[in-house]
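As structure tokens, the structure follows; a few thoughts come after it.
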Amino acid sequence: MTKRSNLKRRKSTAKSRQNRKRGGVLSAMRRWWKWALIPLAIAVLGVVYLDYVVRSKFEGKKWALPARVYARPLELYAGLPLQREAFLEELRGLGYQFSSSAGRPGQVAIEGDWVRVHSRGFGFWDKQEPALTFAARFSAAGIVADLQDGRGRDLPLVRMEPQEIGGIYPAHMEDRLLVRLEDIPPLLGEALIAVEDRDFLRHHGISLRSIARATLANIRAGGVVQGGSTLTQQLVKNFYLNQQRSLVRKALEALMALSLDARYSKAEILETYLNEVYLGQSGSRGIHGFALGAQHYFRQPLNELEVHQIALLVGLVKGASYYNPWRHPERATARRNLVLEVMADSGLITTRDKDLASQQPLDLVKSNSDSIYSYPSFIELVKRQLQRDYRPEDLRSEGLRVFTTLSPTVQKAAESSLANRLRQLEQKYGMTSDTLQGAVVVEAVGNGEVLAVVGDRNGKYNGFNRALDAHRAIGSLVKPAVYLTALSKPEQYSLITPLDDSAITVESAGGQSWQPRNFSREAHGQVPLYQALSKSYNQATARLGTELGVEDVLATLRRLGLEDDVPALPSVLLGAVDLSPLQVSKLYQTIASEGIFTEQRAILSVLDSRGQALKRYPLVSETRFEADVMHLLQYALQATMREGTGRSAYQILDEQWQVAGKTGTTNEQRDSWFAGYSGDHLGVVWIGRDDNGPTPLTGATGALTVWSDLFAQLSSRPLLPVKPTNVEYLWVDPHNATLGGANCVGSELIPFVKGSEPRIKGHCEYRQNPVVHWLKGLWSPR
Amino acid sequence: MKKLNRNPGTVFMRGAALGLISSALVLAGCATYTPAPAPAPAPESETGSASRPAPAIPKQEPERAVDRLLEESRSQLAARDWQAAIASAERGLRINRREAELYLLIAEAYRGLGNGDRSVQFARQGLRHAAEGSRTAKALHNLVAAGEVLR
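Chains A and B supply the protein sequences, listed in that same order. Just so we're aligned, residue 0 is where the first sequence starts under numbering that gives the first Met the number 0, counting upward by one. Just so we're aligned, residue 0 is where the second sequence starts under numbering that gives the first Met the number 0, counting upward by one.
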């Protein structure tokens with residue numbers, strides 16, 4: 000019994016042990032499942048999260064788009080002063096291809112005297128300009144003589160597309176031009192698929208066949224020669240992930256590729272890829288997308304690319320740095336030709352097309368011809384004006400299109416004039432190289448549009464911008480304000496009012512005395528007012544300014560456009576006013592525009608990324624001085640160029656070319672200034688040293704030479720002031736302030752505000768027999 | 000290039016003048032001869048003709064281009080598209096800043112926008128270039144008056 004009971008007990012114990020064990024396994028299994036569910040749940044959550052990441056970036060704003068900055072569009076019309084070579088240079092800047100027939104947009108052909116152009120269409124702030132075929136003929140004098148359409152009919156006006164001259168980039172410096180799939184040449188998309196992912200239209204984001212093919216190829220080659228990533232995976236890697244190589248990243252890439260493929264169409268994925276892909280580098284700026292790639296390498300829009308150009312761009316996808324066509328042209332050519340082979344094998348092009356394209360050169364623009372960094376001084380001005388109206392983050396990400404007033408031809412002429420002349424001056428005066436610095440500002444007369452800004456002798460230097468930020472004493476550039484103050488009182492002053500140029504001492508309010516001296520250290524006795532200005536006599540000017548009152552002269556300066564607070568000290572009368580070249584340009588714009596003050600503009604309009612106008616910057620101007628008074632001042636400033644301190648300009652300029660201007664030199668010749676204008680252009684030049692040390696230069700021997708070199712290159716009309724009705728020209732003897740005659744020695748034809756002319760007739764010593772003079776008058780043209 | 004004046008009065012004067020040549024030659028002995036003065040700054044007259052040597056670049060008025068932009072600006076003004084009318088007229092001023100009609104269009108557009116100050120400013124500038132008594136001058140005067148009321 001005991002045995003049996005013991006056995007029973009043992010059995011039951013074993014059973015219960017077994018039951019316990021079974022229960023333990025079950026419970027362990029239950030516990031294990033619980034633990035197993037956690038990673039599963041995490042995996043599911045991970046997939047959901049990845050899907051969310053994929054969707055949110057793909058459906059939201061995909062990229063931070065830089066603001067693109069454009070130069071002014073060239074407007075062509077019969078009568079425009081423009082050298083033929085300057086026009087061709089403009090076309091080269093726009094990436095036009097020289098051909099025999101100009102049959103496609105972006106092509107130009109030279110046909111005898113005619114330049115035939117097939118322009119590209121362009122969406123401006125006011126309207127869309129369509130692509131157009133036209134021909135222009137230029138006269139020997141540098142004027143557009145004829146402008147005709149493709150059928151030989153006269154065209155009144157053609158507006159060319161503007162050059163892109165810069166951008167305002169996101170912090171990561173990625174740059175791209177967005178393009179829609181329908182605007183991409185089909186051959187480009189097809190070639191890309193054939194070369195990078197021939198199963199693109201069939202797979203679901205990843206391609207096992209591609210992976211197997213790549214693995215086999217790599218085993219055969221004994222190294223990595225081929226990747227198995229699909230276009231979708233490549234897009235995921237570039238768009239969502241970093242460049243790290245790890246299994247985890249590879250797994251993420253595959254999952255996201257599957258998600259992307261499941262959610263979006265092949266067309267959407269391909270379009271994003273075409274805009275995302277990295278295709279090169281321009282300084283610190285990354286070139287992304289095929290549209291910008293086409294501009295970067297060929298300065299052409301995508302739709303103008305030929306087969307060999309498309310093949311090169313597709314080839315660069317594999318490694319834009321390794322196949323950099325400027326650095327490694329042989330590699331790039333071999334890669335391009337391989338792509339052409341694939342294109343022919345895939346039936347995208349014929350064998351003949353392939354052979355022809357393989358023989359083509361790479362057709363690249365010059366590696367340093369990227370205009371994006373060409374105009375840093377001007378772009379700086381644009382940025383400052385934009386910052387008044389836009390937040391910095393919007394400028395860097397919203398893809399704004401900024402249309403500016405820059406004239407690339409004027410800018411290049413200004414840069415070369417400054418650089419060349421500074422080098423010559425340093426040699427001439429035995430100065431160490433790079434001692435001198437300079438700045439140039441050029442504006443269009445009448446509308447305040449800034450055409451060029453040079454802030455350093457190296458026009459490409461992107462640093463201290465002297466045109467905007469170097470505030471230096473302006474010296475005699477202030478004198479027109481003194482004389483304008485006087486001429487605004489025609490009952491007291493005319494151009495021939497005698498001024499005393501003897502030595503002068505001015506007592507200032509603080510008990511200090513100021514004794515200005517002429518540059519020559521000589522006094523000139525009594526001089527007619529206009530000559531005191533044209534010859535820049537300090538003593539006569541100081542005396543006149545003191546008579547008028549410093550406050551009145553400052554008021555004139557403010558009306559001309561001065562915004563800074565300047566203390567009313569007597570030394571202001573001779574230019575103890577610190578201004579930048581840009582500020583000086585503002586004052587002289589009012590003079591050149593015959594008394595019309597005009598707001599300076601570097602920007603014409605800003606559009607959003609869809610081409611909608613956000614803001615226009617219209618012409619803002621107002622009458623600040625009467626036309627009659629300004630006419631007199633312009634006469635004196637023209638006399639400066641004919642017979643005064645600016646006359647050496649005519650060693651460079653055509654003798655018949657009418658211009659006006661004023662030289663400026665400061666104490667110890669620390670600053671050399673010139674401000675002058677023709678009928679179309681106003682230019683201000685400053686030369687000096689950054690340490691404010693003395694130079695051997697006056698305004699005439701320094702800045703004027705740069706200005707003259709520059710204006711000799713400009714296509715510009717001469718200054719032809721229109722005589723206001725309240726002004727009359729009379730022959731007078733300016734040294735005696737009496738009426739003279741055309742046949743009297745010493746008489747000059749001088750304008751007067753009516754009522755201010757001299758009444759007394761002076762002695763006339765005839766130039767020639769008066770009867771002969773009279774007879775000549777009868778036969779002379781009227 | 001200007002044409003010589005050929006009116007009958009002038010021809011008669013020239014004929015009569017020939018008779019005086021001999022006496023002129025007698026007087027010539029006592030005259031003082033000096034070179035002509037250096038070219039002085041040259042004004043254009045109100046009518047636009049230069050009274051001094053022609054400039055190196057011959058003047059060619061790009062009238063057709065300005066006419067096209069005037070036309071464009073006028074039709075935009077008629078469509079009450081004020082900003083476009085201003086933009087077109089500004090393009091015209093880049094070509095010829097002395098065309099009074101362009102100022103008139105800008106002044107009218109600013110009036111349309113209710114900006115009396117700007118309207119008056121541009122109308123005043125236009126008056127500098129408008130022929131006195133012309134239709135444009137009258138319209139500009141009216142705009143100055145209307146703008147003053149709007150201010």
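Beta carbons: idealized from backbone N, C-alpha and C, even for Gly. Small disclaimer: the values here were computed from a predicted structure and weren't measured.
Residue i burial status per 10 Å Cβ neighbour count (16 or more: buried)
i                 : result
Thr-589 (chain A) : buried
Asp-196 (chain A) : buried
Lys-1 (chain B)   : For Lys-1 (chain B), the predicted structure reports a pLDDT of 35, less than 50, and the residue's modelled location is therefore unreliable. The matter cannot be settled from this model.
Trp-706 (chain A) : buried
Pro-38 (chain A)  : exposed
Arg-609 (chain A) : exposed
Gln-792 (chain A) : For residue 792 (chain A) there is no data in the structure shown, the boundaries of chain A being 0 and 781.
Tyr-51 (chain A)  : exposed
Gln-599 (chain A) : buried
His-202 (chain A) : buried
Gln-611 (chain A) : exposed
Leu-215 (chain A) : exposed
Ser-133 (chain B) : exposed
Glu-379 (chain A) : buried
His-171 (chain A) : exposed
Thr-33 (chain B)  : Confidence at Thr-33 (chain B) is low in this model, with a pLDDT of 34, below 50, so the placement of that residue should be treated as unreliable; the coordinate-derived value is given next. Classification of Thr-33 (chain B): exposed, given that the 10 Å Cβ count is below 16.
Gly-349 (chain A) : Sequence check: residue 349 (chain A) is Thr here, not Gly. Exposed is the call here.
Phe-463 (chain A) : exposed
Residue-chain proximity (residue i, chain E), Cβ-Cβ < 8 Å
i                 : result
Ile-378 (chain A) : The chain inventory of the structure shown lacks chain E, comprising the protein chains A and B.
First through last residue of the alpha helix (DSSP H) which encompasses residue i
i                 : result
Glu-392 (chain A) : 391–396
Arg-334 (chain A) : 328–344
Val-771 (chain A) : 769–778
Gly-288 (chain A) : Taken as a continuous stretch (DSSP letters only), Gly-288 (chain A) belongs to no alpha helix (DSSP H), as it is neither H nor E.
Ser-415 (chain A) : 407–427
Lys-249 (chain A) : 246–262
Ser-320 (chain A) : Per DSSP, Ser-320 (chain A) belongs to no alpha helix (DSSP H) and is neither H nor E.
Ile-590 (chain A) : 580–591
Thr-403 (chain A) : Note, Thr-403 (chain A): premise wrong, no alpha helix (DSSP H); beta strand (DSSP E) at 400–403.
Tyr-492 (chain A) : Unbroken run through Tyr-492 (chain A): none, as it is neither H nor E.
Gln-633 (chain A) : 626–642
Arg-716 (chain A) : No alpha helix (DSSP H) holds Arg-716 (chain A); DSSP gives it neither H nor E.
Leu-269 (chain A) : 265–275
Phe-133 (chain A) : Looking at the DSSP string, Phe-133 (chain A) is not in any alpha helix (DSSP H); the run it does join, the beta strand (DSSP E), is 132–137.
Boundaries of the beta strand (DSSP E) in which residue i is found, first to last residue
i                 : result
Gln-106 (chain A) : 106–110
Gln-657 (chain A) : Counting along the chain, Gln-657 (chain A) falls outside any beta strand (DSSP E), and DSSP gives it neither H nor E.
Lys-753 (chain A) : Counting along the chain, Lys-753 (chain A) falls outside any beta strand (DSSP E), and DSSP gives it neither H nor E.
His-680 (chain A) : 680–687
Ser-604 (chain A) : 602–606
According to DSSP, residues forming a beta bridge with residue i
i                 : result
Ile-167 (chain A) : A:Ala-66
Pro-185 (chain A) : In the DSSP output, where bridge partners are listed per residue, Pro-185 (chain A) has none listed.
Thr-214 (chain A) : Thr-214 (chain A) is not bridged to any residue.
Ser-281 (chain A) : A:Arg-284
Glu-305 (chain A) : According to DSSP, which records beta bridges pairwise, Glu-305 (chain A) is partnered with nothing at all.
Tyr-728 (chain A) : A:Pro-750
Phe-97 (chain A)  : A:Val-107
Thr-737 (chain A) : A:Asp-732
Ala-472 (chain A) : A:Asp-577
For residue j and residue i, believed in contact at Cβ under 8 Å, the rounded distance
i                 : j                 : result
Ile-686 (chain A) : Gly-574 (chain A) : Between Gly-574 (chain A) and Ile-686 (chain A) the Cβ distance is about 15 Å, and since that is not below 8 Å, they are no contact.
Thr-132 (chain A) : Asp-148 (chain A) : 7 Å
Closer than 7 Å: residue i CB and nearest the ligand MN heavy atom
i                : result
Val-47 (chain A) : As far as ligands go, the structure on display features none, and thus does not contain the ligand MN.
If the cut-off is 8 Å on Cβ atoms, which residues from the region 620–633 of chain A count as contacting chain B, listed in chain order?
Correct list: Ser-620, Glu-621, Thr-622, Ala-626, His-630 and Gln-633.
If the cut-off is 9 Å on Cβ atoms, which residues from the region 442–459 of chain A count as contacting chain B, listed in chain order?
Taking a C-beta cut-off of 9 Å against chain B, the contacting residues of the region 442–459 of chain A are Ala-443, Val-444, Gly-445, Asn-446 and Glu-448, listed in chain order.
When you check each C-beta in the region 78–94 of chain A against every C-beta of chain B, which residues fall closer than 7 Å?
Per Cβ criterion, the list reads Gly-78, Leu-79 and Pro-80.
To be precise: take each residue of the region 64–75 of chain A, compare its Cβ to all Cβ atoms of chain B, and keep it if any distance is under 8 Å. Which residues remain?
Residues passing the 8 Å Cβ filter: Glu-74.
Please identify, using Cβ separations under 8 Å, the residues of the region 91–116 of chain B that lie next to chain A, in order along the chain.
Correct list: Leu-92, Arg-93, Ile-94, Arg-96, Arg-97 and Ile-105.
With 7 Å as the C-beta to C-beta threshold (strictly closer), list the residues of the region 598–611 of chain A near chain B in chain order.
Per Cβ criterion, the list is empty.
Residues of the region 71–88 of chain B whose Cβ lies closer than 8 Å to any Cβ of chain A, in chain order:
Residues of the region 71–88 of chain B with a C-beta atom less than 8 Å from some C-beta of chain A are Gln-82, Ala-83, Ile-85, Ala-86 and Ser-87, listed in chain order.
Give, in chain order, every residue of the region 127–150 of chain B whose Cβ lies closer than 9 Å to some Cβ of chain A.
The region 127–150 of chain B vs chain A, Cβ under 9 Å: Arg-127, His-128 and Glu-131.
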